[in-house]
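Numbering (the UniProt record's numbering) for the sequence shown: 1 to 598.
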Amino acid sequence: MTNQPYSLGATPAPGSTSFTVRSTADRVELCLFDGADERRIAMTRDGDVWSATAPGTNYLYGYRAHGEYDPARNLWFDPAKLLVDPYALELDRPFIQSPRLAAYGEDTADIIPRAHVVAPLTATPAPPLFRPGGLIYELNVRGFTMRHPAIPPEQRGTLAALAHPAVLDHLSKLGVAAVEVMPITAAIDERHLPPLGLRNAWGYNPVVPMALCPERVPGGIAELVATVATLRQAGIGVILDLVFNHMGESDVHGGTLSFRGLDPDAYARTTNGTLINDAGTGNTLDASRPGVRAMILDSLRHFARAGVDGFRFDLAPVLARGPGFDARAPIFAEIAADPILSTRIMIAEPWDIGPGGYQLGHFPEHWLEWNDKYRDQVRRFWRGDGRSGDLATRIAGSADVFASAASRSVNLVAAHDGFTLADLVAYAGRHNHANGEDNRDGHGDEVSWNHGQEGPTDDPAIRAARTRSARAMLATVFLSRGTPMLTAGDEFGRSQNGNNNGYAQDNETTWLDWETRDEALEGFVAGLSAFRRATPIEWTDWLAGAEWRNLSGAPMTPEDWDGSNGFALYIPVGNENLILRFDRARGVSGIRGTMLES
1 MTNQPYSLGA TPAPGSTSFT VRSTADRVEL CLFDGADERR IAMTRDGDVW
51 SATAPGTNYL YGYRAHGEYD PARNLWFDPA KLLVDPYALE LDRPFIQSPR
101 LAAYGEDTAD IIPRAHVVAP LTATPAPPLF RPGGLIYELN VRGFTMRHPA
151 IPPEQRGTLA ALAHPAVLDH LSKLGVAAVE VMPITAAIDE RHLPPLGLRN
201 AWGYNPVVPM ALCPERVPGG IAELVATVAT LRQAGIGVIL DLVFNHMGES
251 DVHGGTLSFR GLDPDAYART TNGTLINDAG TGNTLDASRP GVRAMILDSL
301 RHFARAGVDG FRFDLAPVLA RGPGFDARAP IFAEIAADPI LSTRIMIAEP
351 WDIGPGGYQL GHFPEHWLEW NDKYRDQVRR FWRGDGRSGD LATRIAGSAD
401 VFASAASRSV NLVAAHDGFT LADLVAYAGR HNHANGEDNR DGHGDEVSWN
451 HGQEGPTDDP AIRAARTRSA RAMLATVFLS RGTPMLTAGD EFGRSQNGNN
501 NGYAQDNETT WLDWETRDEA LEGFVAGLSA FRRATPIEWT DWLAGAEWRN
551 LSGAPMTPED WDGSNGFALY IPVGNENLIL RFDRARGVSG IRGTMLES
């Protein structure tokens, strides 16, 4: 590692800018723009690295790559395509879908974003605020802010809105330790969405890894730095959800936007040349290549220098494929050895759809991991068909999965990719017809239930039963060993009307309704969080001395563990015990001077 933050990209210096890009093309041109006028400069080759220097620093730019075009042989070079720098830091416009992006010989300079020349960040970041065990609050910038009445209309949908006093007050009320911001890098809609009148609401289809979305972050990297600083002043860290498993160029029918036109070997392929699709999106980045890993680490360092506490990796096994998952993959050692990245929080979504793609518990010792076993077994217990022993294992930090003393489990019962908490207890099956895929998309077998009636109801008994179930699951999350995670709006009963795959609903389906929120439920969640923070135990490691008893106070028997009635957990706290009761008939309660009932 050198003192220079980036060996690739556009680097301004006094009076000039150097441009450097990796490409396996025969010839690469730097394209500088002044409005619609384009000036092309031939670049100089050194192996697979191309360079050029231009006087001045105020540029919009892209690249064109010349060479053979034969997709069957993974050759996509088409000089008609303006290509975005994989190391771009800011773009002048969003990506849009167009058939021209995939049509050989069709010039795309008028529809492809141009990169701004931006000075790279060089500051050494402060240590993270967030520590494992604190509350992670997952949110989508647009969905979270678009309907917030206190946020000025012109600021809604943007990252800067997270720094609004009303948002800070809400996060502080909940005791949020870190917001986990769903992707805010520049992304493109999937090809099938525009004809349906839909847009990607989540952002998990990026094109280049560092450039921020011009819609979600119109102020660019300066907006990210300022928002992170304001949140930190309020004691709230920031975790960025990043996508390094694929890019939005999709399958062989997708557009040529950046990597495909410059360095198509960045994408993993089989021996016969077929694109590997371990991400389920048409392509998979090949992190076994040193250049791809270097780009990932450069991206992480860039955002760390913006002040963020850490990163959540979407479909994280892809990072360690070569082609199969390897727990000793080079990228893990490279992150651990980096003086900046080794201080950041790393969170894995520990599965993808490739062979051997389920890797819960197999990431490095200090990484946190989303825990779907926790999610599903907590749901089953409160639905009525789960064993007490299974619930106890999950509450205890999933010690069967995580061997470390401090549990690395991220405990959740709902997240962005599934039912909301309110819908989890109101819908037995998905209702995704609005996504235009005949209700075939999304999880088809979620552990959910509806208490006797599908969807909204005026029946007070059903409504009360749903509230009890939701409260019991929330209490379980906050009283479990590990790190709790809450998805924005679940604290006040948000619903997506049974849609458990809201990625294509950039509308009121996924925009939080702040006006009609359940303030009683919100207060309950705030109380749970305060109870957890006020209880002086190490929430990632309280197993020593804990006792498990049945609901009558006697030691657990094999029959008790196999049953589904519940148990009481006694955790030593100084000279007294914290007593947590998980009772299917009565919900969850905690006793230590304060009673919390669900």
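Where is the CB? At the ideal position from N, CA and C, for every residue including glycine.
Top-ranked residue by Cα proximity to P290, from F311, R305, S299 and I331: I331
Whose CA, out of E38, N577, G282 and G482, lies closest to the CA of A405? G482
V525 lies in the beta strand (DSSP E); which residues open and close that run? It is not in any beta strand (DSSP E) - V525 instead sits in the alpha helix (DSSP H) that spans E519 to A534.
My output table needs one value for D169: the three-state DSSP class, helix, strand or coil. helix
With a threshold of 6 Å on Cβ separation, who are the neighbours of A585 within its own chain once the five nearest residues in sequence on each side are excluded? none
Can you have a look at T256 and say buried or exposed, based on whether 16 or more other CB atoms are within 10 angstroms of its CB? buried
Please work out which residues of its chain come closer than 7 Å, Cβ to Cβ, to L193, disregarding the five sequence neighbours upstream and downstream, and give them in chain order. R199, N200 and A504
Grab the span of the alpha helix (DSSP H) containing I296 for me, first residue to last. P290 to R305
Which whole runs of the beta strand (DSSP E) in the region 183-270 are 3 residues long or more, in chain order? 237-242
Going by CA-CA distance only, name the one from H366, Q233, A186 and L231 that's closest to E249. A186
Since G452 contacts S564 with CB under 8 Å, what's their CB separation in whole angstroms? Wrong, their Cβ atoms sit about 19 Å apart, outside the cutoff.
Reduced DSSP category for R383 - H, G, I as helix; E, B as strand; rest coil: helix
Range covered by the beta strand (DSSP E) that runs through D34: R27 to D34
Consult DSSP for E138 and reduce its assignment to one of helix, strand or coil. strand
Taking C-beta to C-beta, are L262 and L83 nearer than 8 Å? yes
In the DSSP output, which residue or residues are listed as bridge partners for I181? First, the residue type needs correcting, since residue 181 is Val and not Ile in the sequence shown. According to DSSP, which records beta bridges pairwise, V181 is partnered with L139 and L240.
Please return the same chain residues whose Cβ sits closer than 6 Å to the Cβ of V118, not counting the five positions on each side in sequence. L89 and E90
Under the three-state DSSP convention, the category S388 falls into: helix
Nearest-angstrom Cβ-Cβ length linking S258 and V176, presumed shorter than 8 Å: That belief does not hold up - the Cβ atoms of S258 and V176 are roughly 35 Å apart, past 8 Å.
Is it true that the CB of T158 sits closer than 8 Å to the CB of R232? no
Comparing alpha-carbon positions, which option in A13, D372, G56 and D92 lies nearest G35? D92
Output the distance between the C-alpha atoms of residue 601 and E180, rounded to the nearest integer angstrom. Outside the displayed range of the chain (1 to 598) lies residue 601, so it cannot be described from this structure.
Let me see if you follow: with CB-CB separation under 8 Å, is V228 close to chain B or not? As a matter of chain content, chain B is missing from the structure shown, which is built from one protein chain.
Is E154 helix, strand or coil by DSSP? helix
Please report how far the alpha carbon of W367 lies from the alpha carbon of H170, in whole angstroms. 28 Å
Note down the Cα distance separating G354 from N277, rounded to an integer number of angstroms. 7 Å
Can you confirm whether the region 339-351 touches the region 300-310 when touching is taken to mean that 3 or more C-beta pairs between the two stretches lie within less than 8 Å? yes
Rounded to a whole number of angstroms, what is the C-alpha to C-alpha distance between A115 and A54? 15 Å
Using three-state DSSP, classify N435 as helix, strand or coil. helix
CB S398 to CB K373, shorter than 8 Å? yes
Residue(s) in a DSSP beta bridge with H66: R27
Spatial distance of S23 from P456 (CA atoms): 55 Å
Rounded to whole angstroms, what is the Cα-Cα separation between P14 and G56? 8 Å
Just reading off the beta strand (DSSP E) that V477 is part of, what are its end residues? Per DSSP, V477 belongs to no beta strand (DSSP E); it is in the alpha helix (DSSP H), P460 to F478.
Between P195, L224 and A234, which has its C-alpha nearest L168's C-alpha? A234
Am I right that D309 and I345 are in contact with their C-beta atoms under 8 Å? What's the rounded C-beta distance? 5 Å
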